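**Student:** Position one of the sequence shown corresponds to residue 1145 (the numbering used here), numbered consecutively onward. Glycine is no exception: its CB is placed at the ideal position from the N, C-alpha and C atoms. If you're wondering where the values come from, they're calculated on a predicted model, not measured in any experiment.
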Amino acid sequence: MEIRDTLSSSLKEIETREGKRLYMFVCGPTVQDDPHMGHARTYIFYDVLARYLRYRGIRLFYLMNITDIEDHIITKMKETGRSWEDITATYSSRFFDVMEKLKIRSVNYYAFATDFIEEIISQIKRLMKKGYAYETSDGVYYRARKFKEYGRLSKQNLDQLMAGARVEVNEEKEDPLDFALWKKKKEREPSWQSPWGEGRPGWHIEDTAITESIFGPNYDIHGGAKDLIFPHHESEIAQMEAISRKRPMVKYWIHTGHLNVDDIKMSKSLKNFVTVEEALKNYWPEAIRIMMLSMKYNAPVNFEEKAAADAQGTAERIAILQHRVDDSPELKTERAVEAVMKIFAPLESDMNTPETMREIVSFVKDSLAKKGLTIQEKGEIRYVLSEVEKVLGIVHTPPLPERSLNVLLELRNELRKKGDFTSADRIRESLNSRGIKIEDTAEGSYLWW
Ligand SMILES: [Zn+2]
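1) Assuming the contact rule is C-beta atoms closer than 8 Å, Tyr-1278 and Gln-1383 should be a hit. Round their C-beta distance to whole Å, please.
2) What span of residues does the alpha helix (DSSP H) with Asp-1241 cover, start to end?
3) Just tell me which of Leu-1302, Leu-1297, Val-1175 has its CA closest to the CA of Phe-1258.
4) Out of Tyr-1253, Gln-1520, Met-1495, which has the shortest C-alpha to C-alpha gap to Glu-1157?
5) Classify Val-1551 as buried or exposed, calling it buried when 16 or more other Cβ atoms lie within 10 Å of its own Cβ.
6) Just to confirm, are Met-1181 and Val-1418 a CB contact at a threshold of 9 Å?
7) Could you have a look at Lys-1599 and say whether DSSP puts it in helix, strand or coil?
8) Can you tell me which of the three DSSP states Ile-1261 falls into?
9) Here's the rule: buried if 16 or more other CB atoms are within 10 angstroms of the residue's CB, otherwise exposed. What is Thr-1352?
10) When the distance is taken between beta carbons, is Val-1251 closer than 9 Å to Ala-1194?
11) Pair every Cβ in the region 1479-1491 with every Cβ in the region 1418-1435, then say whether three or more of these pairs are closer than 8 Å.
12) Are the region 1387-1407 and the region 1217-1235 in contact at 8 Å, needing three or more beta carbon pairs?
13) My parser needs the alpha helix (DSSP H) runs of 4 or more residues fully inside the region 1405-1484; what are they?
14) With the cut-off set at 9 Å, would you say Val-1481 and Phe-1507 are in Cβ contact?
15) What residues are listed by DSSP as bridge partners for Glu-1146?
16) In whole angstroms, what is the alpha-carbon distance linking Leu-1549 and Val-1469?
17) Along the chain, where does the beta strand (DSSP E) containing Gly-1588 start, and where does it finish?
18) Do you know how far the Cα of Glu-1293 is from the Cα of Thr-1497?
19) Would you report the Cα separation of Glu-1503 and Gly-1201, rounded to the nearest angstrom?
20) Rounded to whole angstroms, how far is the Cβ of His-1348 from the Cβ of Ala-1369, which I believe are closer than 8 Å?
21) Tell whether a beta-carbon distance below 9 Å holds between Ile-1213 and Arg-1344.
22) If I follow the unbroken beta strand (DSSP E) through Ile-1202, where does it start and stop?
23) Could you pull the start and end residues of the beta strand (DSSP E) that Ile-1538 belongs to?
24) Does DSSP put Val-1284 in a helix, in a strand, or in coil?
25) Can you determine whether any heavy atom of ligand 1 sits closer than 8 Å to the C-beta of His-1376, and answer yes or no?
26) Closer than 5 Å from C-beta to any heavy atom of ligand 1: which residues, in chain order?
27) Quick one: Cα of Ile-1462 to Cα of Lys-1534, how far?
28) Rounded to whole angstroms, what's the CA-CA distance from Glu-1558 to Phe-1240? Just pull it up for me.
29) Does DSSP classify Ile-1580 as helix, strand or coil?
30) Going straight from the alpha carbon of Gln-1267 to that of Ile-1387, what length do you get?
31) Within 10 Å of its beta-carbon, does Glu-1356 have 16 or more other beta-carbons around it, so buried, or fewer, so exposed?
32) Below 9 Å between beta carbons: does that hold for Ser-1493 and Glu-1146?
33) Rounded C-beta distance between Pro-1339 and Ile-1265? I'm assuming under 8 Å.
34) From the DSSP output, in three-state form, read off Ile-1211 for me.
Written as structure tokens, this is what we have:
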């Protein structure tokens, strides 16, 4: 399987031997606001990558950090008067809630930055010992120029980096490129003890402290959105490789493109910010996944009503097909296996999910067009859809086990036959409240969700 690696700007082979161990780290959210569609875009892709690698027989350990201390959180505290505990607890639980709703369950471990303060301090101490870090009156900084390859990931030389560096009012910093490893406490800020006095970690060091303590200094895959390449990921390499001298820090750097809303990059200042919860009011989670997967992971995705409605249509057609075949057991025949292989083959070439989606759409279209499916055909379709679900998470399933639903439907029919319409309606309402609709036709009653 091939994947595009940002550092070497080339397609690199990922060896997918059965039982092979791979370690993947993806930058998680800063928990200071509701998860938005940009998050959905990023984390749906890495979820599908994780599911696919596991499907290929790899024993993948997927680690994600949760940034629970960072400048944006401090800003939020100041703006709202809320406590650090309140903000981070509220938004981390909303994040997990949204991940669950979007069927993103592939992460093995979520590491909260503030649980790794000791490891962060240990890394800063080692950087100081090697001459890569220095203390000022307001913090500890990394000496970026001392790391000769600073700029390699983002393909920039020092002059270009200088031009882009934010010039802060900080006389003590040796160089504008230097970045904070530790920030000394200012009034009313949350803080932890350190050899440099009370304070909090810089953003970049949180991730390398977490990955070093869980994976060691070297691991396989590091993912995140493209806008994290510089300075975040660039600085991670500088920190970890300066400490360990074991290169490369990771074998594959994978970066996802951003999300546009109606062709404009989503951003808070433009007020075109769409939260995942808002989108879920109008679209199934499966539709959101389909929409994101219909674009290549490293290209921008445009969130607009038409694309979302198309994806919802696709999700519904898949659900109709699933519904049509659910009275037959799964049947793994040669033909069914071939159909699955055809669907997943594009994922081997740099996770070409749009091509995989086209294969699925055509499979669903052909299957729905067939009149009078045999039990064998139904079983084969069921097998294909269940494999598709394992990797892509796009088959809409009922919110209650189907068996219980059928029992309720039968009970309602009995009640209606007896003329007890009040009780029958109560069942309908109770199902409705869980998002399940009953459709009464001349041939009988059907459930729809
Ligand atoms: Zn990160």
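**Tutor:** This is what the structure gives:
1) Not quite, the Cβ-Cβ distance comes to about 14 Å (not below 8 Å), so this is no contact.
2) 1228-1245
3) The question names Phe, yet the displayed sequence has Thr at residue 1258. Cα-wise, what sits closest to Thr-1258 is Val-1175.
4) Met-1495
5) exposed
6) yes
7) Since the first residue shown for the chain is 1145 and the last is 1593, residue 1599 is missing from the structure and cannot be characterised.
8) helix
9) buried
10) yes
11) no
12) no
13) 1420-1426, 1429-1437, 1449-1469
14) no
15) Glu-1157, Ser-1493
16) 16 Å
17) 1588-1592
18) 33 Å
19) 23 Å
20) That pair is no contact at about 15 Å.
21) yes
22) Counting along the chain, Ile-1202 falls outside any beta strand (DSSP E), and DSSP gives it neither H nor E.
23) Run containing Ile-1538: none; DSSP gives neither H nor E here.
24) strand
25) yes
26) Cys-1171, Asp-1351
27) 14 Å
28) 41 Å
29) coil
30) 7 Å
31) buried
32) yes
33) 7 Å
34) Note that residue 1211 is Thr in the sequence shown, not Ile. The answer is strand: DSSP assigns Thr-1211 an E or B state.
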